[in-house]
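Undergrad: Residue numbers (full-length UniProt numbering): 1 to 322.
Pasting a structure below so you can have a look.
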């Protein structure tokens, strides 16, 4: 008996530690990596992902509270604890189950809005969001920073909302975007657009094919949707990381310097002399009015020579690459 006890003691720790090791793995697994079906914010940084996550939580928390109000953790927990105490106070097993439920509920509540997950690429952070509209929140942040010119981050470079995700295979992307694009581009909605494409840790997708197919889908939703590479109303952002395709349709992509937080706070001659609203109005007028005026003058001076060229110009919309 005495000799058997030490052997039993040796076996138990091995099984115990092996089980403990297996139990730890799921913590970094499901739900903590970028997957199809998630929504959130894709953030690029400069060599310091940990600091980037900290800046992201601070910035998103600040503007999230302004737009949606502060998160109510304590009230939620108090409601749970109050209702639980009224029932089965003497039932130890039920009390333990409910306590575990409270811990899980409070954890989910604390991570309800923003939760950092593994993006699958270096210098890229993905903040998963719940209960908010990523495009509205990010646009509000950039608009405020563009107006005030106050620099609020050091490590964060670009901040792109991700309104939808799907598997990064052409058939999956085509099927998904047929409905994803509808709020912006399906008749009677329409607008000018461009497509911006970026792939990381992915070699099986073709940039040209993706842009051509997605632009075709936008056009099929409403033939009045036109390409504008200078100052479009909407920019379709396609960010592919490994086997996940992140999608968003954003406004003011040119005005907000490609959604770069470092660049949007910089002043230039137009920003110092004019406010943002007048800048956008002048940009729109520069894109549309001078072209129409030049064409009209050419038509007056060289009607016969230019008529064939003018009729052929719409074919230029076939060049949809960005």
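Think of the CB as a built atom: it goes at the ideal place given N, C-alpha and C, for glycine as much as any other residue.
Remember, it's a predicted structure, so these values are computed and weren't measured experimentally.
For residue 132, does the three-state DSSP call read helix, strand or coil?
TA: Taking the first residue of the chain shown as 1, we reach residue 132 at position 132. Three-state DSSP puts residue 132 in coil, outside helix and strand.
Undergrad: From the DSSP output, which residues share a beta bridge with residue 234?
TA: Counting from one through the chain shown, the residue named residue 234 turns up at place 234. For residue 234, which the question treats as bridged, DSSP gives the partners 193.
Undergrad: Would DSSP call residue 257 helix, strand or coil?
TA: If you number the chain shown from 1, residue 257 lands on position 257. In the structure shown, residue 257 sits in a helix (DSSP, three-state: H, G or I).
Undergrad: By the DSSP assignment, the alpha helix (DSSP H) with residue 177 in it spans what residues?
TA: Position 177 of the chain shown, counting from 1, holds the residue named residue 177. Element bounds for residue 177: 170 to 180.
Undergrad: Where do the ends of the beta strand (DSSP E) carrying residue 158 lie?
TA: As a working note, residue 158 is residue 158 in the chain shown. Residues 156 to 162.
Undergrad: Taking the alpha-carbon of residue 69 as reference, which of 39, 50, 131 and 53 has the nearest alpha-carbon?
TA: The residue you call residue 69 lines up with position 69 of the chain shown. The candidate whose alpha carbon is nearest that of residue 69 is 131.
Undergrad: Report the rounded CA-to-CA distance for residue 216 versus residue 193, giving the unit in angstroms.
TA: As a working note, residue 216 is residue 216 in the chain shown. As a working note, residue 193 is residue 193 in the chain shown. When rounded, the distance between both Cα atoms is 12 angstroms.
Undergrad: Which residue or residues does DSSP assign as beta-bridge partners of residue 167?
TA: The residue labelled residue 167 in the question sits at position 167 within the chain shown. For residue 167, which the question treats as bridged, DSSP gives the partners 244.
Undergrad: Thinking C-alpha only, which one of 116, 135 and 173 is nearest residue 50?
TA: As a working note, residue 50 is residue 50 in the chain shown. It is 116.
Undergrad: Grab the span of the beta strand (DSSP E) containing residue 203 for me, first residue to last.
TA: The residue given as residue 203 occupies position 203 in the chain shown. Here residue 203 belongs to no beta strand (DSSP E), and DSSP marks it neither H nor E.
Undergrad: Report all residues from its chain with a CB closer than 7 angstroms to the CB of residue 38; omit the five preceding and five following residues, and keep chain order.
TA: On the chain shown, residue 38 is found 38 positions in, with the first residue counted as 1. Excluding residues within five positions, the ones whose Cβ falls inside 7 angstroms are 128 and 165.
Undergrad: Contact between the segment 40 to 58 and the segment 177 to 190: three or more CB pairs below 8 angstroms?
TA: With a cut-off of 8 angstroms, the segment 177 to 190 and the segment 40 to 58 do not count as touching, because too few Cβ pairs lie within range.
Undergrad: Could you give the distance in angstroms between the alpha-carbon of residue 158 and the alpha-carbon of residue 196?
TA: Against the chain shown, residue 158 aligns to sequence position 158. Against the chain shown, residue 196 aligns to sequence position 196. Rounded to the nearest angstrom, the two C-alpha atoms are 14 angstroms apart.
Undergrad: Just the C-alpha distance for residue 52 and residue 147, rounded to the nearest angstrom, thanks.
TA: Residue mapping note: residue 52 aligns to position 52 of the chain shown, counting from 1. Residue mapping note: residue 147 aligns to position 147 of the chain shown, counting from 1. Rounded to whole angstroms, residue 52 to residue 147 spans 23 angstroms at the Cα level.
Undergrad: Please go through the segment 41 to 71 and give each complete beta strand (DSSP E) segment of 3 or more residues, from N-terminal end onward.
TA: Entirely contained in the segment 41 to 71, not one beta strand (DSSP E) run reaches 3 residues.
Undergrad: Of all the options 43, 190 and 204, which has the alpha carbon lying nearest to the alpha carbon of residue 234?
TA: As a position in the chain shown, residue 234 is number 234, starting the count at 1. Checking every option, the nearest Cα to that of residue 234 belongs to 190.
Undergrad: Could you please give the first and the last residue of the uninterrupted alpha helix (DSSP H) stretch that includes residue 210?
TA: Here the question's residue 210 lines up with position 210 in the chain shown. Element bounds for residue 210: 207 to 221.
Undergrad: Can you tell me whether residue 223 is buried or exposed? The criterion is at least 16 other CB atoms within 10 Å of its CB, across all chains shown.
TA: Your numbering for residue 223 matches position 223 in the chain shown. Exposed.
Undergrad: Measuring only the C-alpha atoms, how far is residue 256 from residue 142?
TA: Translated into positions along the chain shown, residue 256 becomes position 256. Translated into positions along the chain shown, residue 142 becomes position 142. Between residue 256 and residue 142, the C-alpha separation is close to 7 angstroms.
Undergrad: Can you find the residues in the same chain that come closer than 7 angstroms, C-beta to C-beta, to residue 220, ignoring five residues on each side of it along the sequence?
TA: By 1-based counting over the chain shown, the position of residue 220 is 220. No residues qualify anywhere along the chain.
Undergrad: Since residue 118 and residue 34 are thought to touch, with beta carbons under 8 angstroms apart, how far apart are those beta carbons, to the nearest angstrom?
TA: Translated into the one-based positions of the chain shown, residue 118 becomes position 118. Translated into the one-based positions of the chain shown, residue 34 becomes position 34. So it is a contact: roughly 6 angstroms between Cβ atoms.
Undergrad: Given a threshold of 16 other Cβ atoms within 10 Å of its Cβ, counted over all protein chains shown, does residue 232 qualify as buried or as exposed?
TA: Counting from one through the chain shown, the residue named residue 232 turns up at place 232. With 16 or more Cβ atoms within 10 Å of its Cβ, residue 232 is classed as buried.
Undergrad: Under a Cβ-count criterion, where at least 16 other Cβ atoms within 10 Å of its own Cβ denotes burial, should residue 310 be classed as buried or exposed?
TA: As a working mapping, residue 310 is identified with position 310 in the chain shown. Note that residue 310 scores a pLDDT of 34, beneath 50, so its modelled location is shaky and nothing firm can be said.
Undergrad: What is the DSSP secondary structure of residue 301, reduced to helix, strand or coil?
TA: Taking the first residue of the chain shown as 1, we reach residue 301 at position 301. Residue confidence for residue 301 is low, a pLDDT of 45 falling below 50, so the modelled location carries little weight; the figure read from the coordinates is stated next. Of the three classes helix, strand and coil, the one that applies to residue 301 here is helix, per DSSP.
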